[in-house]
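Taking the numbering used here, I'd label the letters of the sequence shown as residues 109 to 254. Here's the structure we're looking at; comments come further down.
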Amino acid sequence: MSEPRRKRGAERTSNRGPAAIPQLPRRRVENPYPPMALLSAGQIEAIHQASMHILENFGIEVMSARALSLFERAGAKVDHGSMNVRIDRGMVEEALRSTRSTYTLMPRNPNNAIHLGGSTINFTLVAGPPNVHDMERGRRAGNLDD
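Below is the structure:
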């Protein structure tokens, strides 16, 4: 007596139903309301001036050698030993003047582009998974090298 034939891949999955939860079509979501004024113009300016003081006098730690050299070429004071970068307020204010108010983050599939800035609302992942799969050691916590 022969054993019943095992179903092949396509036969096995053909009667399972949909593979994923049906999704609505992707669309751009806009906030119809004006921004909430939680801080006064004076409070925002005080935060900006405090930030400038910290960047000029204490600096920030930059852990990328490439970024350190970019800052150095742009005129920032870089201490490669401590990886500290002190940035002049003029340099920061020039960068702020030259930036755009909206950006489009382009993935491989242009249908999944993310529009940043303005009144656009985005629902996306934050930075990535907290864990990675290392082929030698298996699952482990992620680090900056990943």
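Using N, Cα and C, we set each Cβ at its ideal position, and we do this for glycine too.
Taking residue i as part of the beta strand (DSSP E), name the residues at either end of that continuous run.
i: A186; result: The sequence given here has Val at residue 186, not Ala. Here the beta strand (DSSP E) through V186 covers 185-187.
Do residue i and residue j have their CB atoms nearer than 7 Å?
i: V186; j: V193; result: yes
i: T232; j: H223; result: no
i: R197; j: M144; result: no
Note down, in chain order, each residue of its chain lying with its Cβ closer than 7 Å to the Cβ of residue i, except the 5 sequence neighbours on either side.
i: E169; result: M191, N192
i: P133; result: none
i: P238; result: A249, G250
Measure from the alpha carbon of residue i to the alpha carbon of each residue in the options, then state which is nearest.
i: E202; options: P218, P215, H188, A182; result: A182
i: N139; options: G246, R248, G226; result: G226
i: G219; options: Q131, R135, P130, R113; result: Going by the sequence as given, residue 219 is Asn instead of Gly. It is R135.
Could you check what DSSP says for residue i in three-state terms: helix, strand or coil?
i: R216; result: coil
i: E138; result: strand
i: V193; result: strand
i: N239; result: strand
i: L224; result: strand
i: G246; result: strand
i: I162; result: helix
i: I168; result: strand
i: I129; result: coil
If we define contact as Cβ-Cβ less than 7 Å, is residue i a contact residue for chain B?
i: V200; result: The structure shown contains no chain B, having only a single protein chain.
Here's a check: name, in chain order, each residue in its chain whose Cβ is nearer than 8 Å to the Cβ of residue i, leaving out the five neighbours to either side.
i: M171; result: M191, L252
Can you give me the start and stop residues for the alpha helix (DSSP H) that residue i sits inside?
i: A182; result: 173-182
Under 6 Å Cβ to Cβ from residue i, same chain only, skipping five residues before and after it: list those, please.
i: V137; result: I229
i: G167; result: N192, V193, R194
i: A128; result: none
i: S209; result: G225
i: D242; result: R248
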